[in-house]
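Below: one structure, written as structure tokens.
In our numbering, the protein residues as written are 647 to 995.
So this is what it looks like as structure tokens:
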């Protein structure tokens with residue numbers, strides 16, 4: 647395991663690593679502004695919690711989730727680190743990695759400006775894949791076995807999230823039909839906040855591992871080490887990544903919260919609770935099984951399912967369509983940007 651003093655020594659011997667690390671931290675910041683904010687959107691939409699309080703809760707839960715899951719399971723990180731190979735030329739590999747992160751940041755910032763909750767997780771995967779293709783000139787740098795887990799995760803996050811949200815939102819009114827309406831509403835308002843905290847914890851656990859693994863790949867490349875030789879995540883990199891993600895949520899979370907929690911669908915509190923529980927469970931299963939899924943996909947699909955359970959027309963399908971189109975274009979868009987920037991950077995540097 648690389649200590650912070652060892653990292654500084656590696657940095658001194660390969661200053662370009664500093665550029666790559668800053669860019670990776672930039673992607674984590676953008677992830678906090680987009681994906682992390684989406685995790686807590688619906689309790690704000692149902693007015694169970696204020697925007698500022700929700701952001702503060704997300705900051706804490708993302709931090710705790712990232713650090714805690716590193717001690718429980720690093721299956722997602724293992725999948726990410728084995729997904730692409732940048733080759734044996736350390737300098738070219740770091741340049742390609744830098745190009746990928748530039749494209750990821752640009753994509754995420756563009757989505758944030760327009761308030762569209764794109765998936766930074768899928769942007770990361772696509773950007774790294776495009777850069778690896780540029781280095782190898784073909785599919786030689788892509789581990790298709792590990793990449794297949796992305797497809798499995800995409801299906802899980804969308805289908806399971808939607809169906810679970812729909813199913814739980816159908817069951818709750820039946821189970822509570824004899825309950826006092828006001829008390830039930832207050833109860834589900836509180837539980838919705840708890841559920842959103844669970845999603846924020848799992849966002850830190852799931853997305854944190856993806857971006858931390860990218861940082862460790864960069865450090866391993868700069869040190870001429872194999873990723874398996876690094877020996878796990880040191881606490882200092884966990885705290886650094888968690889802190890930057892939290893800062894991104896605090897700075898840029900409101901815009902995404904308004905799009906997902908207030909514009910796409912108006913939920914009752916029990917529906918918000920159903921969406922949160924569904925998303926939390928789906929993310930936990932994916933994280934423990936090493937599937938790199940998108941918190942944005944999972945949570946938004948669960949919100950749509952919970953809203954459609956009462957009335958399909960309650961979902962603003964125009965906004966939902968814009969989100970789906972953004973997700974669809976993320977893979978080819980970020981992949982192409984990563985590829986082109988890597989080719990350009992390899993020529994220039």
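We put the beta carbon where it would ideally sit given N, CA and C, even for glycine.
Remember, it's a predicted structure, so these values are computed and weren't measured experimentally.
Kindly confirm or deny that the segment 766 to 785 and the segment 974 to 991 touch, where touching means at least three C-beta pairs closer than 8 Å.
-> Below 8 Å, enough C-beta pairs join the segment 766 to 785 and the segment 974 to 991 to call them touching: three or more.
Can the beta-carbon of residue 935 be found less than 8 Å from the beta-carbon of residue 848?
-> By one-based count along the chain shown, residue 935 stands at place 289. By one-based count along the chain shown, residue 848 stands at place 202. Against a cut-off of 8 Å, the Cβ pair of residue 848 and residue 935 comes out as no contact.
Close beta carbons around residue 831, own chain, < 7 Å, minus the five adjacent residues each side | Sequence index remark: in the chain shown, residue 831 carries index 185 (1-based). If we look at residue 831 and ignore the five residues flanking it on each side, its Cβ neighbours are 915.
Just how far apart, CA to CA, sit residue 792 and residue 725?
-> As a working mapping, residue 792 is identified with position 146 in the chain shown. As a working mapping, residue 725 is identified with position 79 in the chain shown. Near 6 Å, if we compare the C-alpha coordinates of residue 725 and residue 792.
Go ahead and pull the three-state DSSP assignment for residue 939.
-> The sequence position of residue 939 within the chain shown is 293, counting from 1. It is coil, neither helix nor strand.
In terms of alpha-carbon separation, which member of 922, 648, 652, 695 lies closest to residue 815?
-> As a first step, residue 815 must be located in the chain shown, where it is residue number 169. The residue with the shortest Cα to Cα distance from residue 815 is 922.
Taking residue 729 and residue 789 to be in contact with their CB atoms under 8 Å, please state how far apart those CB atoms are, rounded to whole angstroms.
-> By 1-based counting over the chain shown, the position of residue 729 is 83. By 1-based counting over the chain shown, the position of residue 789 is 143. So it is a contact: roughly 6 Å between Cβ atoms.
What does a CB cutoff of less than 6 Å around residue 723 pick up in its chain, not counting 5 residues either side in sequence?
-> As a working mapping, residue 723 is identified with position 77 in the chain shown. Excluding residues within five positions, the ones whose Cβ falls inside 6 Å are 855, 859.
With residue 864 and residue 779 assumed to form a contact (beta carbons below 8 Å), what rounded beta-carbon distance in angstroms separates them?
-> To locate residue 864, count along the chain shown from 1; it is residue 218. To locate residue 779, count along the chain shown from 1; it is residue 133. The C-beta separation of residue 864 from residue 779 comes to about 18 Å, leaving the pair out of contact by the 8 Å criterion.
CB contact flag (residue 708, residue 888, <8 Å) = Counting from 1 along the chain shown, the entry for residue 708 is found at position 62. Counting from 1 along the chain shown, the entry for residue 888 is found at position 242. For residue 708 and residue 888, yes; Cβs fall inside 8 Å.
Same chain only: Cβ atoms within 7 Å of residue 818, ignoring 5 sequence neighbours per side = Residue mapping note: residue 818 aligns to position 172 of the chain shown, counting from 1. These residues qualify, in order along the chain: 916, 920.
For residue 665: DSSP bridge partner residues | Position 19 of the chain shown, counting from 1, holds the residue named residue 665. Beta-bridge pairing links residue 665 to no other residue.
Rounded to whole angstroms, what's the CA-CA distance from residue 679 to residue 945? Just pull it up for me.
-> In the chain shown, counting from the first residue as 1, residue 679 sits at position 33. In the chain shown, counting from the first residue as 1, residue 945 sits at position 299. Whole-angstrom Cα-Cα distance: 15 Å.
Which partner residues does residue 730 have in the DSSP bridge list?
-> The sequence position of residue 730 within the chain shown is 84, counting from 1. Residue 730 pairs with 788.
Would you check whether the ligand NAD has a heavy atom nearer than 7 Å to the C-beta of residue 660?
-> With respect to the ligand NAD, the structure shown offers nothing to examine, as it has no ligands at all.
Using a threshold of 8 Å, state whether the C-beta atoms of residue 701 and residue 890 are closer than that.
-> For the purposes of this step, residue 701 is taken as residue 55 along the chain shown, with counting starting at 1. For the purposes of this step, residue 890 is taken as residue 244 along the chain shown, with counting starting at 1. No.
Can you list, in chain order, the residues of its chain whose CB lies under 6 Å from that of residue 984, leaving out five sequence neighbours each side?
-> Within the chain shown, numbered from 1, the residue matching residue 984 stands at position 338. Non-local C-beta neighbours of residue 984 in its own chain, meaning closer than 6 Å and more than five positions away in sequence, comprise 746, 749, 773, 776, 777, ordered along the chain.
Assign residue 823 to one of three DSSP states: helix, strand, or coil.
-> One-based indexing of the chain shown puts residue 823 at position 177. Here residue 823 sits in coil by DSSP.
Collapsed DSSP secondary structure at residue 871 in the structure displayed | Looking up residue 871 in the chain shown gives position 225. Note: residue 871 maps to coil in three-state DSSP.
Since I believe residue 694 is in contact with residue 838 (beta carbons under 8 Å), could you give me their beta-carbon distance rounded to a whole number of angstroms?
-> Within the chain shown, numbered from 1, the residue matching residue 838 stands at position 192. Within the chain shown, numbered from 1, the residue matching residue 694 stands at position 48. Between residue 694 and residue 838 the Cβ distance is about 5 Å, and since that is below 8 Å, they are a contact.
Same chain, Cβ closer than 8 Å to residue 990, neighbours up to 5 away in sequence not counted | Taking the first residue of the chain shown as 1, we reach residue 990 at position 344. Around residue 990: 745.
Looking at residue 950 and residue 808, is the spacing between their C-beta atoms short of 8 Å?
-> Position 162 of the chain shown, counted from the first residue, corresponds to residue 808. Position 304 of the chain shown, counted from the first residue, corresponds to residue 950. By the CB criterion at 8 Å, residue 808 and residue 950 fall inside the cutoff.
Determine the burial state of residue 647: buried for a count of at least 16 other Cβ atoms within 10 Å of its Cβ, exposed for fewer.
-> Position 1 of the chain shown holds residue 647. That one is exposed.
Flag this pair as yes or no: are the beta carbons of residue 926 and residue 801 separated by less than 8 Å?
-> As a first step, residue 926 must be located in the chain shown, where it is residue number 280. As a first step, residue 801 must be located in the chain shown, where it is residue number 155. Contact: no.
Starting from the Cα of residue 972, find the closest Cα among 871, 958, 768, 872 and give me that residue.
-> Taking the chain shown and counting its residues from 1, the one referred to as residue 972 is at position 326. The shortest C-alpha separation from residue 972 is found at 768.
Write down the C-beta distance between residue 781 and residue 733 rounded to the nearest angstrom, noting that I regard them as a contact closer than 8 Å.
-> Along the chain shown, read from residue 1 onward, the residue named residue 781 stands at position 135. Along the chain shown, read from residue 1 onward, the residue named residue 733 stands at position 87. Sure, about 5 Å apart at Cβ, within 8 Å.
Where the alpha helix (DSSP H) containing residue 709 begins and where it ends | For this step, residue 709 is matched to residue 63 along the chain shown. Element bounds for residue 709: 697 to 718.
Local conformation of residue 765 per DSSP, three classes | As a first step, residue 765 is located in the chain shown; it is residue number 119 there, counting from the start. Residue state, collapsed to three classes: coil.
Status (buried if at least 16 other CB within 10 Å, exposed otherwise) for residue 686 = In the chain shown, the residue the question calls residue 686 occupies position 40. The residue is buried, with at least 16 neighbouring Cβ atoms inside 10 Å.
Given a threshold of 16 other Cβ atoms within 10 Å of its Cβ, counted over all protein chains shown, does residue 993 qualify as buried or as exposed?
-> Position 347 of the chain shown holds residue 993. With fewer than 16 other Cβ atoms within 10 Å, it is exposed.
In three-state DSSP terms, what is residue 735?
-> If you number the chain shown from 1, residue 735 lands on position 89. Of the three classes helix, strand and coil, the one that applies to residue 735 here is coil, per DSSP.
As assigned by DSSP and simplified to three states, the class of residue 647 = Within the chain shown, the letter at position 1 stands for residue 647. Three-state result, residue 647: coil.
Reducing DSSP to helix, strand and coil, say where residue 880 ends up.
-> The residue given as residue 880 occupies position 234 in the chain shown. Three-state DSSP puts residue 880 in coil, outside helix and strand.
Please list, in chain order, all residues of the same chain as residue 710 whose beta carbon is under 6 Å from its beta carbon, the five residues on each side excluded.
-> Looking up residue 710 in the chain shown gives position 64. There are no such residues.
From residue 785 to residue 756, what distance separates their C-alpha atoms?
-> In the chain shown, counting from the first residue as 1, residue 785 sits at position 139. In the chain shown, counting from the first residue as 1, residue 756 sits at position 110. Taking the straight line from one Cα to the other gives about 29 Å.
Specify the secondary structure class of residue 686 as computed by DSSP and reduced to three states.
-> Working through the chain shown from its first residue, we reach residue 686 at position 40. In this structure, residue 686 counts as coil in the three-state DSSP scheme.
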